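Worksheet: the structure to be examined is printed underneath.
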Amino acid sequence: MDQSVAIQETLAEGEYCIIISFPAVQGVLCEGDSRQSRLLGLVRHRLEHGGQEHALFLYTHRRMAITGDDVSLDQIVPISQDFTLKEVFPDGELYILGSDVTVQLDTVELSLVFQLPFGSHTRIFLQEVARACPGLDSAPQDPQFLWLSRYRCTEPQLESPTPGAWNSAPGTWPGCETIGGGRYPSRKGRWGLEEAQLQGAGSILFGGGAVEQTDFRLAEVAPGGGPTWGRSARGGRRDEELEEAGREMSAAGSRERDSAGGSNCDNSRPNGKGLLVDPSSRGQDKPENLLTRQTKSKSEITDMVRSSTITVSDKAHILTMQKFGLRDTIVKSHLVQKEEDYTYIQNFRFFVGTYNVNGQSPKEGLRPWLSHGIQAPDVYCVGFQELDLSKEAFFFHDTPKEEEWFKAVSEGLHPDAKYAKVKLIRLVGIMLLLYVKQEHAAYISEVEAETVGTGIMGRMGNKGGVAIRFQFHNTSICVVNSHLAAHTEEFERRNQDYKDICSRMQFCQVDPSLPPLTISRHDVILWLGDLNYRIEELDVEKVKKLIEEKAFQTLYAYDQLKIQVAAKTVFEGFTEGELTFQPTYKYDTGSDDWDTSEKCRAPAWCDRILWKGKNITQLSYQSHMALKTSDHKPVSSEFDIGVKVINEELYRKTLEEIVRSLDKMENASIPSVSLSKREFYFQNVKYMQLQVESFKIHNGQVPCQFEFINKPDEESYCKQWLNANPSKGFLLPDSDIEIELELFVNKTTATKLNSGEDKIEDILVLHLDRGKDYFLSVSGNYLPSCFGSPIHTLCYMREPILDLPPEVISELTLMPVQTEDDGSRLETPMDIPKELWMMVDYLYRNAVQQEDLFQQPGLRLEFEHIRDCLDTGMIDNLSASNHSVAEALLLFLESLPEPVICNSAYHNCLESAGNYPASKQVISTLPTFHKNVFNYLMAFLQELLKNSAKNHLDENILASIFGSLLLRNPAGDQKLEMTEKKKAQEFIHQFLCNPL
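Just so we're aligned, residue 800 is where the sequence shown starts under the numbering used here, counting upward by one.
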């Protein structure tokens, strides 16, 4: 979320919080043993004479800053000539890779240490701070920062302050104005940081100081100007030849940037060798100033993994940096095509493990699972499910179990090797850890992690997946840990969860202009987790008898995952090893006995490990009965995975050949393509039902780069309901690419399509770099739906929405919310929408005792059936599971353009939470139709609570689910801050516990 909006609200006119691809960064201020969260904003002030000055504004803040009221200005650090910021490596943390980045901020008066989150967000923020640092040349005057006086105190200054004065003796200032809802607090004891300074020099990132700083490891520069922290310098003729190739590529890149009207590398300067030097390189890039890979310190290895930039093992990816132009894109494409010419395969040992811990804390050591009886793996991929089953973890995502299990894993790794934690990612109870041997850290790059929730409404994180992708040498690897839908009969829901994870899991690339990577776009995919597929058609006793006889292959014939894979509905192209161990679920906790509870679950192989890719050999696949903490047993698998390693000499030759061949094409003709189709019609588009049309682009004889571009005065290349995939790309001569146009109407776009304010009409502009534009026509018809229609509109629709003329739908949809019936209409409005009544009545008749109602997702095909029944009025034809109808009800409430509790009453509701009479008064002020719907829903939820012994619902669960739907932040898509979220739940909770 863009927290820079909150910072901008605290600034005076003329100051701006810089936003590039990412907003301000949230970090942790480290003072001795103290850890305090801070929001860091880079603020720019434009001077009257045309120059500009920058300062870092440090804020205390609420959990998620949405407005200026959520932040309080804590300290200002001017970015002056004495400002430096470097990455440091505290003792005892040298091996923590891919996690927080520790940086030390120094001025003459000040020394602060921050931990910033690993990833592209922090990397881009630090790049912007680097650009803000004053240059090394002596021409510009040292900044004076007079504009900061307005933030320092309210009394006038008698003298012009010096930059250092902004950090002088806190607590001595005569008065402080209120900023963003809080006072500028005293920072007594701040300067004690200098005594507790971290040991060990790190790589200097940037600074405004003198050039004479030589006590830091300097950065070699990649061709084209990108710094490659920690790259080895081999010296000799090879370096000179690569430099020459780099100069050619850099020059071409510069030409492309110049022709495009500028570059984002404004602060780069020639170093005398034809290479561009990043401002972070404070010194000469001579080989004697660089360390070879063999002698790298632990801190340097840490640096390379954390920075996710280029290592010598990753040269094929140097051209993904945004600063490179078309020529370099061509070079990269050719390098990928010729990869076999300069790489060889080397096997590395991977350990993959999965464990559903049933909400338990670790009660026993994990070495029997992680390291017993095996050689030390090169890479560990360790996944957990059900880390925490508490309601707090489900709704608020915080849990102490994360640290407990992380520590248990770290202590259980193989004792014969030292490991670096590359990344930890968690979604509620689904957690994935990635470790590598210390000596491999230099070859890990481009680490990214993402999550996808597939729980109720496709978002809740009680089910879903987490994934980590990274580059190991020249092989891309993606590790996925998933927890799919439960219950034997829900195999179709598990299939849908798998497909959702595959389609929605997307990883940002180093170059933000490139489209995100999906799971399938990796050389190696390792998929682990509690997939929850069960054994079908056999009763419990028959299953146990086959297990006792160790007739695992007979039992395996009834395994749902095997059946679904054979039907090619899931995991197409994946491989699973032979199951030679007994099912891993379900046991009595603390024993090896099968489930003796009232439900007496049938044993099943819920916990699985699959893989996809070349050069993968499975060495073992087993369960670990020795661990008894959970009702599941952990599973592990060892693999030898062939990784592509670069032969540097062959790489150099390949690169030079490509560069020479491109020289011959420098003055080639204008690129031209042919399109298989230019007009697209989408017929009978429905709410939340994807339609796809595709076409092919065939390239001529000139390499070309294509992109869909914005039309004049428009913010996007297409309307919100449309998407082109991919929207940009590169084509070699005489090659093809298929483009899919995806049309999907959701809550954001449905209302205007219902009213006729928008239509399924658009023109796309396909632009060729250095070539012409092609125009694509998109049209279609949308079938109006009750989803996305206002409450009062539906109350006036006595007929199904699809039976009404478009002009009537438009008139009713555009009618103001406060409209009451004045008797002028032919028909009296209904008290509540008939569609809402249909769904609630169905649930009241069929589902008041349904276990996990409003917590278990439904099926997508059933939602489409429910939508069609509501829109056509054919309610008698409604045939769907209780879970699908329940989810449809939630989606209906979510789609309302004006929520049940109107936006105008939102803040009054939060203020009255905890005061039931005041809360009832707020509800009484709602428009009649909204008030009726609210009371109707509360009465229904109270009926559900009367059956809580059967459905296991309680007031807290229902208040959490319905709180965010009935009470919506008027700011729109902004995520609720935790305090607001809890107040919204408290407001709804009152009406569930008290008579209406």
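Backbone N, C-alpha and C define an ideal beta-carbon position, used for all residues, glycine too. Bear in mind the structure is a predicted one, so any value in this text is a computation, not a measurement.
Rounded to the nearest whole angstrom, the C-alpha separation of Val907 and Leu1575 is 59 Å. When rounded, the separation of the alpha-carbon atoms in Gly1389 and Ser1435 is 20 Å. Counting along the chain, the unbroken beta strand (DSSP E) around Phe913 starts and ends at 910 to 915. When the Cα atoms are used, Asp1561 and Cys1517 turn out to be separated by approximately 7 Å. Here the region 1698 to 1717 lies against the region 1749 to 1767, with 3 or more beta-carbon pairs under 8 Å apart. Within 10 angstroms of the beta-carbon of Arg1407 lie 16 or more other beta-carbons, which makes it buried. Apart from sequence neighbours up to five positions away, the residues of its chain that approach Gln1184 with a beta-carbon distance below 7 Å are Asn1155, Gly1228, Ile1229, His1282, Gly1328, Asp1329, ordered along the chain. With fewer than three CB-CB distances shorter than 8 Å, the region 1489 to 1498 does not count as touching the region 1585 to 1593.
For Glu1247, the enclosing beta strand (DSSP E) stretches over residues 1243 to 1252. Within the region 1118 to 1203, the runs of beta strand (DSSP E) at least 3 residues long that lie entirely inside it are, in chain order, 1142 to 1155, 1178 to 1184.
Nearest in C-alpha terms to Val1491, of all of Gly1499, Gln1381, Tyr1480, Gln1500, is Tyr1480. Ranked by Cα distance from Leu1689, the options Ala1266, Ala1758, Ser1718, Asn1280 are led by Ala1758. Of Gly1152, Thr1287, Ser1312, the smallest CA-CA separation from Asp1358 is found for Thr1287. Contact between Leu1418 and Val1151 is absent: CB atoms are separated by about 11 Å, not below the 8 Å threshold. The Cβ-Cβ distance between Lys1217 and Gln1237 falls below 7 Å.
When C-beta atoms of the region 1648 to 1658 are compared with those of the region 1677 to 1692, three or more pairs fall below 8 Å, so the two segments count as touching. Shortest Cα-Cα distance from Asn1545 to any of Phe1691, Gln1648, Phe1786 involves Phe1691. With respect to the C-alpha of Gln880, the residue from Pro942, Asn1553, Asp1439 having the closest C-alpha is Pro942. A straight line joining the alpha-carbon of Asp1533 with that of Ser871 spans about 58 Å.
Remark: fewer than three beta-carbon pairs, one from each stretch, lie closer than 8 Å, so the region 1296 to 1307 and the region 1390 to 1397 are not flagged as touching. C-alpha of Arg1666 to C-alpha of Val900: approximately 48 Å in a straight line. Beta-bridge annotation (DSSP): Ser1312 is not paired with any residue. Per DSSP, the unbroken beta strand (DSSP E) holding Cys829 starts and ends at 824 to 830. Relative to the Cα of Leu1695, the nearest Cα in the group Lys1719, Leu1709, Ala1717, Phe1728 belongs to Phe1728. At a Cβ-Cβ threshold of 7 Å, His1431 and Tyr1384 count as neighbours. Beta-bridge analysis with DSSP links Trp1326 to Val1279, Leu1409.
Judged by pairs of C-beta atoms under 8 Å, the region 1654 to 1663 touches the region 1242 to 1261, as three or more such pairs exist.
In the structure shown, Gly1260 adopts coil according to DSSP, grouped into three states. Annotation: the continuous beta strand (DSSP E) that includes Ser836 extends over 833 to 845. Judged by DSSP in its simplified three-state form, Phe1205 adopts helix. With distances taken between CA atoms, Tyr1420 lies nearest to Thr1153 out of Leu904, Leu1736, Gln914, Thr1153.
The beta-carbon distance between Asn1553 and Ser1588, rounded to whole angstroms, is 6 Å. This is short enough to meet the 8 Å contact definition.
Taking the Cα positions, Arg930 is about 20 Å away from Leu947. Of the residues Gly1441, Glu1598, Gln1159, His1239, the one whose Cα lies closest to the Cα of Asp1670 is Glu1598. Looking at the backbone, the Cα of Ala1365 and that of Glu1377 are separated by about 15 Å. In this structure, Phe924 places its C-beta atom within 7 Å of the C-beta atom of Val824.
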